[in-house]
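Line by line, the protein sequences give chains A and B. Taking UniProt numbering, I'd label the letters of the first sequence as residues 1 to 689. Taking UniProt numbering, I'd label the letters of the second sequence as residues 1 to 116. Every residue gets a Cβ at the ideal spot worked out from N, C-alpha and C, and that includes glycine. Every value quoted in this text rests on a predicted model; they were computed, and no experiment measured them.
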Amino acid sequence: MGKYLGILIVALCTLICEAAIFRPISDSHRSAALELLTPKDGSFTSLKETFEALRTFKVLGIGHQPNIKAKACKSVVDTVRSPFFVLKDLFQALRVNGILKCELNEETFAGIASRLKDSMNTASSLLDYYYSVGSLALIKGQASEVDVQLGGADSVFRAIKALSQSDGRWRYSSNNPESSTFAAGIALESLAGVISLASSEIDHSLISLVKNDISKLLDGVEKYDDGTYYLDEKLADAHGLQSPLSASSAVVRGITAFATASNEDLNLPGDKILGLARFFLGVGIPGNAEDLFYQLDALDSLENNRVSIPLILSLPTAVISLTRRDQLKVNVNTVLGSAAPSLSVKLKQIFSSGSKDASIIDQDLKFDPENAVHLLDALPEYIDAGRYIFSLEIVLHNPDDKKIYATGGRTKISIYVTGFIEVDHADVAVLDSDLGNVETENRVDLSGEKTHSLSANHLQKLQLSFQLTSPLGHAFKPHQAFLKLTHESKVEHIFVVGNSGKKFEIILDFLGLVEKFFYLSGRYDIQLTVGDAVMENSFFLHLGSIELDLPEPPEKAARSPPQPIDPASRFGPKAEISHIFRAPEKRSPKELSLTFLALVLLPFVGFLMGLLRLQVNLKNFPKASAPAIFSILFHLGIAAVLTLYLLFWLKLNLFTTLKTLGFLGIFLMFVGHRTLAYLASSSAKLKSA
Amino acid sequence: MAKSSATKDAQALFHSLRSAYAATPTNLKIIDLYVVFAISTALIQVVYMALVGSFPFNSFLSGVLSCIGTAVLAVCLRIQVNKENKEFKDLPPERAFADFVLCNLVLHLVIMNFLG
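Structure, rendered in structure tokens:
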């Protein structure tokens with residue numbers, strides 16, 4: 001049961017997430033950035049990466065780590081002072097320097113500036129212009145004393161403009177006919193740089209031409225269903241295919257830079273700016289450092305632009321429970337999560353999903369300044385459990401703000417209103433087929449505590465019915481209402497429970513189902529599943545079982561399909577083998593054994609004492625030296641054999657023992673024979689005497 | 001009355017047995033003492049087994065059989081050494097003792113092997 005509920009919850013989550021509300025940048029971005037942008041061994045691999053990381057940290061308000069600075073600055077100084085004049089590297093170095101403020105003196109800047117100006121005259125491609133102009137603009141920001149003014153700004157402007165295409169996109173160079181969106185972004189940024197570096201004012205007609213280009217570029221914007229806009233990139237350039245994210249990011253950066261530099265009103269449509277902002281927020285948290293940079297760089301440009309600052313309307317939760325009497329809460333922030341100007345949020349319309357008609361409300365949400373959240377105290381009374389689309393509108397209080405901020409008109413937000421669905425009149429009955437008489441009828445207890453045991457044959461029918469009532473007393477139709485019969489052999493049959501008005505009913509006519517049931521008689525478990533995303537009490541119930549008596553299968557009847565075997569049982573790990581060792585035999589207590597050892601020795605003591613009592617002596621021991629030696633050797637030999645036995649017991653094996661015993665035995669035989677022969681001869685002498 | 005006479009008879013019997021045994025040569029008495037020693041050691045081991053249990057059974061068996069075996073061998077030695085026994089008149093006691101020693105060594109080789 002838990003498993004099914006889990007699936008239900010996951011399904012519910014996916015539904016909610018699909019209707020995701022665009023949320024401003026939050027702390028989750030900060031922790032993701034810290035995780036993604038960890039320098040290896042204290043530095044990033046290239047100046048480009050260093051800049052992207054530093055810029056990301058700056059936008060997120062994370063202080064850059066001082067340990068990066070030493071190595072990065074060394075790299076910057078090396079690049080700037082390098083005798084090889086590589087525009088791209090120089091540009092990246094100056095960008096890093098713009099954030100880190102490394103120690104570079106004015107002469108160095110002046111030297112580079114003059115070389116950059118020279119290179120501008122020989123520049124042919126868009127990227128040459130971009131790097132040169134960008135570098136000069138960066139020097140302007142970093143060393144105010146250095147003369148970076150462009151004398152022939154107009155000609156440079158024209159040269160860049162000459163690369164533009166009729167659809168608002170740009171070419172990378174004059175001999176490359178392909179146009180690119182990403183190039184448009186960097187071209188606009190370069191033009192903005194030219195304007196800011198120009199010693200005399202740029203011809204106004206040129207600027208209005210570029211304005212025209214920008215509006216054309218935005219005409220080609222692509223749109224998603226949820227109101228997000230993005231710019232697609234079709235050209236694969238030297239850097240590989242730019243993603244929509246990087247292309248959109250470049251264009252946003254270019255447009256905002258151009259608007260700032262030219263100080264012109266570009267008349268950009270607010271909904272497109274807002275749509276682009278939503279696109280960047282809709283990316284969520286990108287999985288790599290580069291995408292994160294593009295996302296945050298673009299959002300930062302939008303946050304601080306002069307065109308129109310998008311305001312993002314977001315909801316902490318899109319699920320409102322009728323049971324808990326939740327309030328509708330709305331947050332309004334800028335893209336990076338800072339506070340919005342004074343405004344009010346209006347609930348304009350509520351669309352009920354499934355029906356086209358909408359009720360017009362026009363109600364102001366109350367502002368709670370403490371939590372900076374707009375609240376709707378109570379939902380309209382006719383709101384029942386279900387899925388709704390709320391149409392909200394941001395109304396700025398200050399009329400001047402309307403020029404600065406883009407609110408994008410009405411925002412439609414999908415909201416789930418959940419409630420407790422009452423289940424009643426639940427019946428399970430077995431009917432006679434022809435007459436419709438009720439054979440057995442059971443009122444079902446849907447708390448699941450009691451299970452029912454029914455029995456039927458193929459001439460009967462099983463009827464299950466129940467009613468679902470929503471909190472407002474309307475009929476409720478859930479997403480899922482299934483009846484499942486599971487045979488003992490795990491063969492499952494699932495039926496959809498249909499409804500007519502309030503009442504849900506299913507009648508299983510077993511006569512028509514015998515073939516589907518594969519003529520399998522026996523016990524079937526009955527399970528009822530009723531679930532919906534907005535139903536707070538979705539359930540999965542084991543109702544009981546029914547004993548079916550079906551006829552014997554005819555010869556050609558289909559067999560029940562083999563049930564899938566759990567692969568874990570076949571390929572999974574085998575049960576762990578636990579070794580059972582024989583329990584050690586019970587030993588007697590040590591004291592008892594030692595006592596008996598003493599007892600065993602007692603008879604030996606008795607034997608010795610007995611010998612003393614009998615006054616045994618060694619008078620018969622041979623006196624002569626040779627027989628005495630033999631008899632001592634004889635006794636030593638016996639002692640040696642016994643010692644050998646002892647060693648055999650303790651450590652030797654049988655073969656070693658027998659080998660040694662062989663030698664000892666021969667020796668013993670020899671000395672024993674000599675000893676005993678001497679004793680025999682002496683006793684014979686005694687007798688004869 | 002009958003009981004006391006029976007006791008007296010037993011006492012008389014015991015006395016006569018003792019006096020008759022006193023005439024036994026010393027070397028036979030030594031062998032008898034040895035047999036008693038061996039049998040009583042075996043008995044103590046049996047008692048131990050009855051108290052504690054037969055584990056380890058092979059050790060118990062070798063202990064008891066070592067005693068019984070050597071007692072039997074000693075009895076054989078006694079039969080051969082006894083001068084009254086006319087059957088072994090021609091067999092010198094030294095030869096009998098050599099047999100006894102040899103048999104004991106073989107017996108104990110087996111016992112040690114079995115001891116475990």
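Asked: Rounded straight-line distance, which links the Cα of A/V330 to that of A/L548; Found: 56 Å
Asked: Spatial neighbours of A/V671 in its chain, beta-carbon cut-off 7 Å, leaving aside the 5 residues before and after; Found: F630, L633, F634 and G637
Asked: Beta-carbon neighbours of A/V491, restricted to chain B and to distances below 9 Å; Found: Here the premise fails: no neighbours, minimum Cβ distance about 58 Å.
Asked: Alpha helix (DSSP H) segment containing A/P603, residue limits; Found: K590 to R613
Asked: Amino acids of chain A, ordered along the chain, whose beta-carbon sits closer than 7 Å to that of B/E94; Found: L676, L679 and A680
Asked: Own chain partners of B/F100 with C-beta closer than 8 Å, once the 5 adjacent residues on each side are dropped; Found: L73, A74, C76 and L77
Asked: First and last residue of the uninterrupted alpha helix (DSSP H) at B/D32; Found: T26 to V52
Asked: Interface residues of chain A facing B/T26 [CB-CB closer than 9 Å]; Found: L614, Q615 and V616
Asked: Proximity test, Cβ basis, 8 Å: B/Q45 and chain A; Found: yes
Asked: Spatial distance of A/M669 from A/Y678 (CA atoms); Found: 14 Å
Asked: Bridge partners - A/S46, DSSP secondary structure assignment; Found: In the DSSP output, where bridge partners are listed per residue, A/S46 has none listed.
Asked: A/T334 in three-state terms, based on DSSP; Found: strand
Asked: Members of the stretch 105-116 of chain B that neighbour chain A once the beta carbon cut-off is set at 7 Å; Found: L105, H108, L109, M112, N113 and L115
Asked: Distance between A/S262 and A/I186 (C-alpha atoms, nearest Å); Found: 16 Å
Asked: Close beta carbons around A/I404, own chain, < 7 Å, minus the five adjacent residues each side; Found: S308 and I309
Asked: Of the listed residues A/E536, A/T643 and A/R23, nearest to A/R278 (C-alpha basis); Found: A/R23
Asked: 7 Å Cβ cut-off: residues of chain A touching B/K29; Found: L614
Asked: Beta bridge counterpart(s) of A/W170 as assigned by DSSP; Found: A/S164 and A/S180
Asked: Inter-stretch contact (C-beta, 8 Å, three-pair minimum) for the stretch 84-97 of chain B and the stretch 52-69 of chain B; Found: no
Asked: A/G134 - partner residues in DSSP beta bridges; Found: In the DSSP output, where bridge partners are listed per residue, A/G134 has none listed.
Asked: Environment of A/Y645 [buried if 16+ CB atoms lie within 10 Å]; Found: buried
Asked: A/N499, buried or exposed, once every other Cβ within 10 Å from all chains shown has been counted against 16; Found: buried
Asked: Cα-Cα separation, residue 697 of chain A to A/A339; Found: Here chain A has residues from 1 to 689 only, and residue 697 of chain A is not among them.
Asked: Which of helix, strand or coil DSSP assigns to A/G254; Found: helix
Asked: A/I421 (DSSP reduced to helix, strand or coil); Found: coil
Asked: CB contact check: B/T70 to chain A, cutoff 8 Å; Found: no
Asked: contact_flag[the stretch 506-520 of chain A, the stretch 396-412 of chain A] where n(CB pairs < 8 Å) is 3 or more; Found: no
Asked: Contained beta strand (DSSP E) runs [length at least 3] in the UniProt domain "Ribophorin II third" (425-548) of chain A, N- to C-terminal order; Found: 438-443, 452-457, 460-469, 480-487, 492-496, 498-500, 503-509 and 522-531
Asked: Sufficient close CB pairs (3 or more, under 8 Å) joining the stretch 4-19 of chain B to the stretch 593-606 of chain A; Found: no
Asked: CB contact check: B/L33 to chain E, cutoff 8 Å; Found: Among the chains of the structure shown, chain E does not appear; the protein chains present are A and B.
Asked: At least 3 beta-carbon pairs within less than 8 Å: the stretch 242-252 of chain A vs the stretch 181-195 of chain A; Found: yes
Asked: Run of the beta strand (DSSP E) containing A/D362, from where it starts to where it stops; Found: A358 to D364
Asked: Bounding residues of the beta strand (DSSP E) (the contiguous stretch that carries A/K234); Found: A/K234 -> no beta strand (DSSP E), and no H or E assigned at all.
Asked: Whether A/R387 touches A/S359 by CB criterion (8 Å); Found: no
Asked: Sequence-distant residues of the same chain with beta carbon closer than 6 Å to A/C13, five excluded per side; Found: For A/C13, the pLDDT reaches just 41, beneath the cut-off of 50, and the residue's location in the model is therefore unreliable, although a value from the coordinates is still provided. Around A/C13: no qualifying Cβ.
Asked: Partner residues on chain A for B/Y48, Cβ-Cβ distance less than 7 Å; Found: F596
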